[in-house]
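2 protein chains.
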Amino acid sequence: MRHPARAAMSPPRQLHLNLNFMNAGSYSSAWRRPESEAADFIDPAFLVRQAQIAERGTFDAVFLADNPALPDRPDLRPYQALEPTVVLAAMAAATTHIGLIATLSTTYNEPYNVARRFASLDHVSGGRSGWNIVTTAETGTARNFGLDEVLPHDQRYARAVEFADVVTALWDSWEPDALVGDKESGRFIDGSRIHPIDHRGRYFSVQGALNVPPSPQGRPVIVQAGGSSDGQDLAARHADLVFSVAHSLDEARSFADGLRARLLRAGRAPAEVVICPGLVTILGSTEAEAKRRERELWESVPIDYGLARLARTLNVDPGRLKLDEPLPADIPFPENHSQTFFKGTVTLAQRNGLTVRDLVKAQGGGGTQHRLAVGTPEQVADGIEAWFRSGAVDGFNIMPDVTASGLKVFVEEVVPLLRRRGIFREAYSGRTLRDHLGLPPPSVRHRRPAAATA
Amino acid sequence: MRHPARAAMSPPRQLHLNLNFMNAGSYSSAWRRPESEAADFIDPAFLVRQAQIAERGTFDAVFLADNPALPDRPDLRPYQALEPTVVLAAMAAATTHIGLIATLSTTYNEPYNVARRFASLDHVSGGRSGWNIVTTAETGTARNFGLDEVLPHDQRYARAVEFADVVTALWDSWEPDALVGDKESGRFIDGSRIHPIDHRGRYFSVQGALNVPPSPQGRPVIVQAGGSSDGQDLAARHADLVFSVAHSLDEARSFADGLRARLLRAGRAPAEVVICPGLVTILGSTEAEAKRRERELWESVPIDYGLARLARTLNVDPGRLKLDEPLPADIPFPENHSQTFFKGTVTLAQRNGLTVRDLVKAQGGGGTQHRLAVGTPEQVADGIEAWFRSGAVDGFNIMPDVTASGLKVFVEEVVPLLRRRGIFREAYSGRTLRDHLGLPPPSVRHRRPAAATA
Numbered sequence: 001m002r003h004p005a006r007a008a009m010s011p012p013r014q015l016h017l018n019l020n021f022m023n024a025g026s027y028s029s030a031w032r033r034p035e036s037e038a039a040d041f042i043d044p045a046f047l048v049r050q051a052q053i054a055e056r057g058t059f060d061a062v063f064l065a066d067n068p069a070l071p072d073r074p075d076l077r078p079y080q081a082l083e084p085t086v087v088l089a090a091m092a093a094a095t096t097h098i099g100l101i102a103t104l105s106t107t108y109n110e111p112y113n114v115a116r117r118f119a120s121l122d123h124v125s126g127g128r129s130g131w132n133i134v135t136t137a138e139t140g141t142a143r144n145f146g147l148d149e150v151l152p153h154d155q156r157y158a159r160a161v162e163f164a165d166v167v168t169a170l171w172d173s174w175e176p177d178a179l180v181g182d183k184e185s186g187r188f189i190d191g192s193r194i195h196p197i198d199h200r201g202r203y204f205s206v207q208g209a210l211n212v213p214p215s216p217q218g219r220p221v222i223v224q225a226g227g228s229s230d231g232q233d234l235a236a237r238h239a240d241l242v243f244s245v246a247h248s249l250d251e252a253r254s255f256a257d258g259l260r261a262r263l264l265r266a267g268r269a270p271a272e273v274v275i276c277p278g279l280v281t282i283l284g285s286t287e288a289e290a291k292r293r294e295r296e297l298w299e300s301v302p303i304d305y306g307l308a309r310l311a312r313t314l315n316v317d318p319g320r321l322k323l324d325e326p327l328p329a330d331i332p333f334p335e336n337h338s339q340t341f342f343k344g345t346v347t348l349a350q351r352n353g354l355t356v357r358d359l360v361k362a363q364g365g366g367g368t369q370h371r372l373a374v375g376t377p378e379q380v381a382d383g384i385e386a387w388f389r390s391g392a393v394d395g396f397n398i399m400p401d402v403t404a405s406g407l408k409v410f411v412e413e414v415v416p417l418l419r420r421r422g423i424f425r426e427a428y429s430g431r432t433l434r435d436h437l438g439l440p441p442p443s444v445r446h447r448r449p450a451a452a453t454a
Numbered sequence: 001m002r003h004p005a006r007a008a009m010s011p012p013r014q015l016h017l018n019l020n021f022m023n024a025g026s027y028s029s030a031w032r033r034p035e036s037e038a039a040d041f042i043d044p045a046f047l048v049r050q051a052q053i054a055e056r057g058t059f060d061a062v063f064l065a066d067n068p069a070l071p072d073r074p075d076l077r078p079y080q081a082l083e084p085t086v087v088l089a090a091m092a093a094a095t096t097h098i099g100l101i102a103t104l105s106t107t108y109n110e111p112y113n114v115a116r117r118f119a120s121l122d123h124v125s126g127g128r129s130g131w132n133i134v135t136t137a138e139t140g141t142a143r144n145f146g147l148d149e150v151l152p153h154d155q156r157y158a159r160a161v162e163f164a165d166v167v168t169a170l171w172d173s174w175e176p177d178a179l180v181g182d183k184e185s186g187r188f189i190d191g192s193r194i195h196p197i198d199h200r201g202r203y204f205s206v207q208g209a210l211n212v213p214p215s216p217q218g219r220p221v222i223v224q225a226g227g228s229s230d231g232q233d234l235a236a237r238h239a240d241l242v243f244s245v246a247h248s249l250d251e252a253r254s255f256a257d258g259l260r261a262r263l264l265r266a267g268r269a270p271a272e273v274v275i276c277p278g279l280v281t282i283l284g285s286t287e288a289e290a291k292r293r294e295r296e297l298w299e300s301v302p303i304d305y306g307l308a309r310l311a312r313t314l315n316v317d318p319g320r321l322k323l324d325e326p327l328p329a330d331i332p333f334p335e336n337h338s339q340t341f342f343k344g345t346v347t348l349a350q351r352n353g354l355t356v357r358d359l360v361k362a363q364g365g366g367g368t369q370h371r372l373a374v375g376t377p378e379q380v381a382d383g384i385e386a387w388f389r390s391g392a393v394d395g396f397n398i399m400p401d402v403t404a405s406g407l408k409v410f411v412e413e414v415v416p417l418l419r420r421r422g423i424f425r426e427a428y429s430g431r432t433l434r435d436h437l438g439l440p441p442p443s444v445r446h447r448r449p450a451a452a453t454a
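Residue numbers (UniProt numbering), protein chains in the order written: chain A, 1 to 454; chain B, 1 to 454.
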């Protein structure tokens with residue numbers, strides 16, 4: 001929701017839509033549909049085409065999740081295989097407006113490299129890049145990077161905060177007009193307008209400055225998705241856009257209230273952050289058709305997969321989950337795993353009195369921890385509009401059940417309804433992701449001193 | 001040079017040409033020419049267009065050097081600013097055949113990330129990616145990554161060898177047919193055909209497997225450019241393509257002989273490695289015009305820049321270099337800097353009795369440590385052909401003096417001559433960089449066991 005003072009001066013508040021592009025789709029059996037090809041998840045033509053379809057739908061951005069490790073069960077479905085900045089750079093060359101957000105872990109990268117990668121993507125895309133900060137909680141990933149176990153939650157987040165501090169300082173290390181390019185005098189850059197950051201912290205020592213001139217956005221957009229207390233503090237300090245999990249409007253409202261309170265405590269205006277929960281869409285021309293589609297998808301889910309994913313989310317042995325019983329009552333809170341997905345999953349089951357089987361179904365056959373919207377384009381648009389108008393969310397991360405068919409239907413059938421209702425853009429009004437998100441320009445630490453402007 | 005037994009069965013030996021794409025050009029004053037724009041080095045349209053021009057010239061590859069730090073004198077000329085895999089991914093989307101080689105440091109990255117990045121670029125480009133292994137000797141870079149000083153030469157190379165061992169093992173961690181994609185049975189991947197690498201070494205512990213399915217090339221091409229003894233050992237173990245420095249045919253021959261001897265000791269055939277030195281081209285319709293172009297470029301070099309770069313290459317204080325005197329006789333061998341460029345520079349000065357000023361001019365105003373070829377297209381083609389036919393080199397990394405004009409002239413004027421002489425392709429005969437380079441398919445560690453083929 002926009003800050004009231006701001007909203008009063010601005011055009012009507014507009015919805016934000018991102019494509020959370022989950023390979024074959026967010027339903028775990030999506031790859032088995034006739035319209036899907038097994039190799040879609042690594043096929044550049046397929047990947048780029050989806051970005052173009054989302055751009056036709058004037059989405060704010062394409063978002064790519066990431067984890068630098070094989071998933072638990074690669075035998076049963078596709079996953080996010082390709083390194084996301086490489087994919088987004090290829091998409092950048094084949095699109096003109098849509099934002100491009102990649103997930104990169106603060107635990108398994110160096111801040112100088114990450115600052116540079118997103119600044120470079122911002123140049124290559126003409127100002128459309130965004131970085132989703134994650135701390136990566138999987139043991140298998142730790143073992144690809146010299147660790148036997150995952151770092152404790154608090155250490156991961158302490159490192160993430162310092163990491164993002166360094167990255168943003170590097171983005172700010174050039175004054176905007178440092179690149180002079182005066183052929184006559186031979187002065188290419190005014191070196192006095194580039195500032196080493198000389199960071200020496202607990203996790204990182206980085207001299208700087210960045211070797212990339214200021215990118216079109218100044219600062220690429222920062223996205224944060226973790227709902228733990230540490231995660232929300234990180235968001236309050238650094239995020240422009242927050243990806244949340246909400247299975248009910250109450251949850252969405254409570255999350256937004258909490259985050260906005262933290263923003264205020266961090267000295268930021270709530271309007272500076274766009275909040276979007278995930279929304280898995282299963283569309284049909286009629287409600288019955290949508291339900292049939294869901295049933296078909298559900299029927300081709302290997303139940304082993306759904307159980308394994310649920311057990312992973314809950315951090316329990318799959319043997320403890322009985323398909324036709326409710327969740328065990330005594331599952332311990334997973335201090336060092338994804339707290340957001342744990343809480344969302346347990347709440348979803350308890351509120352609705354779901355058996356394990358129902359729960360796996362409600363999670364797209366283990367494909368997602370986000371809310372499912374099953375229905376006609378009108379019904380889905382109604383839900384989107386209602387949540388948006390409530391002020392609890394600024395938009396959604398759309399997660400088509402099956403990428404190869406669901407994205408196109410959303411763009412062709414749902415987007416026009418949202419446009420007709422006056423809550424979603426007819427065309428892009430700006431060129432950068434910051435423009436699409438309606439974000440204020442980032443504050444830049446190094447301004448040209450007043451004396452130098454004379 | 002191709003192995004004789006191989007050459008007898010193959011079509012006539014063919015020249016290889018790569019574009020070593022140095023921002024505005026390899027002459028340090030290139031950016032001041034009327035045809036250059038100051039922002040070319042960060043302009044995606046400019047960057048992509050050069051790849052397209054090189055592809056029109058049926059070059060084997062575009063090569064991007066890299067150093068994750070600001071250079072010493074950003075005030076005086078452009079440099080390699082953008083992260084190269086991001087740039088190459090954008091080029092991949094706008095080209096169809098040309099190879100795409102990026103430099104990434106083994107000192108400031110993690111092998112899992114690097115293996116994944118190049119495998120991803122290989123997918124995105126349809127089999128055109130290559131990784132140039134460097135160990136990065138600059139102090140300023142060390143200070144962007146938590147170190148006060150550069151690691152010693154032997155440690156950098158020991159780490160680089162283990163790093164490349166891990167990367168190639170990760171590329172080999174899937175059997176080629178592990179991706180099953182059987183919608184009927186629901187089996188997406190045959191997990192028994194993916195193998196953790198379980199690497200535990202001096203520098204890295206990496207469990208694996210890679211999370212990227214085998215890319216079109218199986219293994220992206222590996223490039224190595226360091227001419228030190230450690231560098232050549234690394235090349236003998238891992239390289240498919242070696243970028244060398246040679247100011248004379250004697251130097252080129254001696255380098256090739258040394259490298260081929262190491263290859264044999266490493267159990268590899270000399271034909272498995274393509275050797276290309278750098279060649280800076282300054283072209284004119286007449287010899288006088290080419291010389292005038294060189295003179296104009298030289299006249300707009302700030303001499304401070306040339307001296308600073310030379311002092312850096314020699315690892316001496318710039319104050320020790322007197323413009324109209326020869327190099328000081330007592331410059332110590334720089335154990336921990338680029339030995340290749342040091343040796344090439346000292347040899348160039350001594351063989352030709354150059355003053356410091358002459359030497360800076362012979363190095364493109366401090367823009368390059370590679371050989372300059374100044375002349376008409378015929379003269380430059382003659383030189384290329386003579387070196388190629390001698391067997392001392394397999395081709396060249398072409399470094400236009402001024403990118404914005406020199407690349408196009410090379411493609412339009414020199415390439416047709418080389419084609420007419422029957423030593424360079426009229427069109428690409430394959431689709432991958434390995435195809436262009438005439439490399440054998442990489443050996444893959446994990447083959448399907450004989451029993452499983454039944």
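Heads up, the beta-carbon is just placed ideally off N, CA and C, and yes, glycines get one too. In this text the structure is predicted, and so the values were computed from the model without any measurement.
For residue i, return the contacting residues in chain B, with the cut-off set at a CB-CB distance below 8 Å.
i: A/D75; result: R187, F188, I189, D190 and G191
i: A/Q207; result: G140, R143 and N144
i: A/L179; result: A38 and A39
i: A/S405; result: Correct list: empty, because the minimum Cβ distance to chain B is about 15 Å.
i: A/N113; result: P68, E83, Y108 and N109
Might you give, ordered along the chain, the residues of its own chain that have their beta carbon closer than 7 Å to the beta carbon of residue i, omitting 5 neighbours on each side?
i: B/K322; result: V356
Using a Cβ cut-off of 7 Å (strictly closer), state whether residue i contacts chain A.
i: B/A7; result: No answer about B/A7 holds up, because its pLDDT of 46 lies below 50 and its placement is not dependable.
i: B/E162; result: no
i: B/H123; result: yes
i: B/G366; result: no
i: B/L70; result: yes
i: B/E110; result: yes
i: B/A90; result: yes
i: B/K361; result: no
i: B/V86; result: yes
i: B/R117; result: yes
Quick one: is residue i buried, meaning 16 or more other Cβ sit within 10 Å of its Cβ, or exposed?
i: A/R434; result: buried
i: B/Q224; result: buried
i: B/A266; result: exposed
i: B/N352; result: exposed
i: A/P111; result: buried
i: B/A454; result: For B/A454, the predicted model reports a pLDDT of 29, less than 50, meaning its position is unreliable; a value from the coordinates is still stated below. When all chains shown are included, B/A454 counts as exposed.
If we cut at 7 Å on Cβ distances, does residue i have a partner in chain B?
i: A/E299; result: no
i: A/G130; result: no
i: A/S120; result: yes
i: A/R156; result: no
List the residues of chain B that residue i touches, going by C-beta distances under 7 Å, in chain order.
i: A/P213; result: I42 and A81
i: A/P302; result: G186
By Cβ distance below 6 Å, which residues in the same chain neighbour residue i in space, the five residues on each side in sequence not counted?
i: B/K361; result: W298
i: B/A8; result: Unreliable placement is indicated for B/A8, whose pLDDT of 48 sits below 50; no coordinate value is reported for it.
Less than 8 Å between C-beta atoms, sequence neighbours within five positions excluded: which residues of the same chain meet that for residue i?
i: residue 456 of chain A; result: No answer is possible for residue 456 of chain A: it lies beyond the span of chain A, which begins at 1 and ends at 454.
i: A/N211; result: R116
Residues of chain A with CB under 7 Å from residue i, in chain order?
i: B/F388; result: The contacting residues do not exist; B/F388 stays about 34 Å from chain A at best.
Practice item. May I have a chain-ordered list of the alpha helix (DSSP H) segments no shorter than 4 residues that lie completely inside the segment 132-164 of chain B? Key: Listed in chain order, the complete alpha helix (DSSP H) runs (minimum 4 residues) inside the segment 132-164 of chain B are 139-142.
Exercise for review: Any chance you could list the alpha helix (DSSP H) runs of at least 4 consecutive residues sitting entirely within the segment 406-444 of chain A, in chain order?
Suggested key: Runs of the alpha helix (DSSP H) inside the segment 406-444 of chain A: 415-420 and 433-437.
**Study point:** Ordered list of alpha helix (DSSP H) runs contained in the segment 251-306 of chain A, each at least 4 residues
**Key:** Within the segment 251-306 of chain A, the complete alpha helix (DSSP H) segments of 4 residues or longer fall at 287-299, listed in chain order.
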